[in-house]
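Visitor: Residue numbers (our numbering): 14 to 512. Here you go, one structure.
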């Protein structure tokens, strides 16, 4: 290790041994809070617009202000955890997120709210990669990590459905402000819990790759903004094209900077492992389909079936329950029995079928026509998401843990922005003109069916990527060994390798 990157173990403390389950609970709660906040405001947007005077066009920035800073700063947040300690970065991220949530809830103007949402994204960018990296240090590769990732995956995907349900409840029963205020008591409790139960990881005497951080943040933000602009202004708009060009130039420059940097913010060697590289691409495509599906299903339930915000949110509960059950079954039994690649291919195939069934929706459809496809989607994603997350962390070096974890979240944010932009563009003008008559409803459903077909294509391509580029069970068997760096970071006695 270079002299500028000396690793220092945390100072020993007299803190008593804490159950790994308690620590995992803290990590999962933070992940749930961050994921929920990406979607919880969706059902509150009409009330926010009336209260703060947002126009139909500017209202989308309530969502994208968070997405831009979250996606753009994730790699910097991951690197911060690597150098300064993940527990410290984790707690700082929660504190920033909690304070920004309170400010957002007290907003008296649109600009006030958008600024608070951007700072929320900064807090999430610090907390999210540190949460997954802490999980990696707590659970060794093998059976225990797979089970922990089962919970993490259920929270990551199921949190979107929970966010829609919770957002509907808070908006209808209290006020739109409570979609932000709800984070405050949870955040305070998490700061206290993390201070008590988490142990600091090793810190390093290395340097921040400030140039790499600046260029990567600008490049990712340009791409995210380009996808958002495509959804609002069209793919041919000058701002959309300019943002894409800027993103390509900046990310190309970023690769050059990282290849020459002594301590890069994202080591390019993370992409040399075929398992990890294919999992990053697969996650981006999968989340692209997931975000688009939720967006249009929410519109269908409210605008065509006439459900309230609360009932719409409750309509996603069966999906969340199925996802939870299948992810736990996958983590506890199926990955060990069948191998990760088979579960990913099989599960994502089931998910594709579920989304394809949504292309048959019409103005005369009932909730049953939505329930069956979403249950299939929950089954498929529950089976696939655990091994997909494990593949993203395959054979990661100790100093790269935060960067690898950050890339998982970067792909998730970029996938969501990409999917929503593409599907809204496919959807066409009918979904943006309002639903007031039966003819307009029919036009909406027709356009939404095309969007669901595009979402199915995203997930179908994910199946192909996994099938072609992910090694089979025999090739991945070495991942069951516990790396020495994981054992050295474990609280208590070193773990025994799982096979």
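Quick reminder that beta carbons are idealized off the backbone N, C-alpha and C, glycines included. Source: prediction; values computed, not measured.
State buried or exposed for residue 220, treating a residue as buried only when at least 16 other CB atoms are found within 10 Å of its CB.
Guide: Answer is exposed; the Cβ neighbour count stays below 16.
Visitor: Below 8 Å on the Cβ atoms is my guess for residue 58 versus residue 237; work out the distance and round it to an integer in Å.
Guide: The pair is not a contact, with the Cβ atoms about 19 Å apart (cut-off 8 Å).
Visitor: Mapping DSSP to helix, strand and coil, what is residue 189?
Guide: Residue 189: coil per DSSP, three-state reduction.
Visitor: Examine the ligand HEM and report whether any of its heavy atoms sits within less than 7 Å of the Cβ of residue 266.
Guide: As for the ligand HEM, it is missing from this structure, which has no ligand bound.
Visitor: If you reduce the DSSP assignment to three classes, tell me which class residue 61 lands in.
Guide: Residue 61 falls in the helix class under three-state DSSP.
Visitor: State yes or no: is the C-beta of residue 402 within less than 8 Å of the C-beta of residue 88?
Guide: Their beta carbons are not under 8 Å apart, which means residue 402 does not touch residue 88 by this criterion.
Visitor: Which residue from 122, 475, 352, 310 puts its Cα closest to that of residue 465?
Guide: Nearest of 122, 475, 352, 310 to residue 465, Cα basis: 310.
Visitor: Starting from residue 340, follow the alpha helix (DSSP H) in both directions and report where the run begins and ends.
Guide: First-last of the alpha helix (DSSP H) with residue 340: 330-342.
Visitor: Pull up the distance between the alpha-carbon of residue 113 and that of residue 132, whole angstroms please.
Guide: The alpha-carbon atoms of residue 113 and residue 132 are separated by roughly 6 Å.
Visitor: Could you check the C-alpha separation between residue 374 and residue 462 for me, to the nearest Å?
Guide: Their backbone Cα atoms lie some 7 Å apart in a straight line.
Visitor: Grab me the residues of residue 348's own chain with a C-beta within less than 8 Å of its C-beta, minus the 5 sequence neighbours each way, in chain order.
Guide: Within the same chain, residue 348 has close Cβ partners 159, 356, 399, 400, 403.
Visitor: If I'm right that residue 305 touches residue 432 with Cβ under 8 Å, what's the distance once you round it to whole angstroms?
Guide: At roughly 4 Å, the Cβ-Cβ gap stays under 8 Å, so residue 305 and residue 432 are in contact.
Visitor: Give, in chain order, every unbroken run of the alpha helix (DSSP H) that is at least 4 residues long and sits entirely within the region 243-313.
Guide: Fully enclosed alpha helix (DSSP H) runs of 4 or longer: 251-273, 287-312.
Visitor: Taking all protein chains shown into account, decide if residue 209 is buried (16 or more other Cβ within 10 angstroms of its Cβ) or exposed.
Guide: Looking at its Cβ environment, which holds fewer than 16 other Cβ atoms inside 10 Å, residue 209 is exposed.
Visitor: Rounded to the nearest angstrom, how far is the Cβ of residue 322 from that of residue 56, given a contact under 8 Å?
Guide: Confirmed, about 4 Å.
Visitor: Smallest Cα separation from residue 391: which of 94, 277, 360?
Guide: Of the candidates 94, 277, 360, the one whose C-alpha sits nearest the C-alpha of residue 391 is 360.
Visitor: Here's the rule I'm using: 16 or more other beta-carbon atoms within 10 Å means buried, otherwise exposed. How should residue 196 be labelled?
Guide: It counts as buried.
Visitor: Any idea what DSSP makes of residue 422, helix, strand or coil?
Guide: Of the three classes helix, strand and coil, the one that applies to residue 422 here is helix, per DSSP.
Visitor: Identify which residue in 252, 363, 286, 205 has its Cα closest to the Cα of residue 36.
Guide: It is 205 whose Cα lies nearest to the Cα of residue 36.
Visitor: Would you mind working out which of 191, 45, 350, 164 sits nearest residue 115, comparing C-alpha positions?
Guide: When only C-alpha atoms are compared, the closest one is 191.
Visitor: I'd like to check one pair, residue 65 with residue 162: are the Cβ atoms closer than 8 Å?
Guide: No, Cβ-Cβ distance for residue 162 and residue 65 is not below 8 Å.
Visitor: Once you ignore the five residues that flank residue 189 on each side, which residues in its own chain have a CB closer than 7 Å to its CB?
Guide: Here the set comprises 57, 60, 61, 64.
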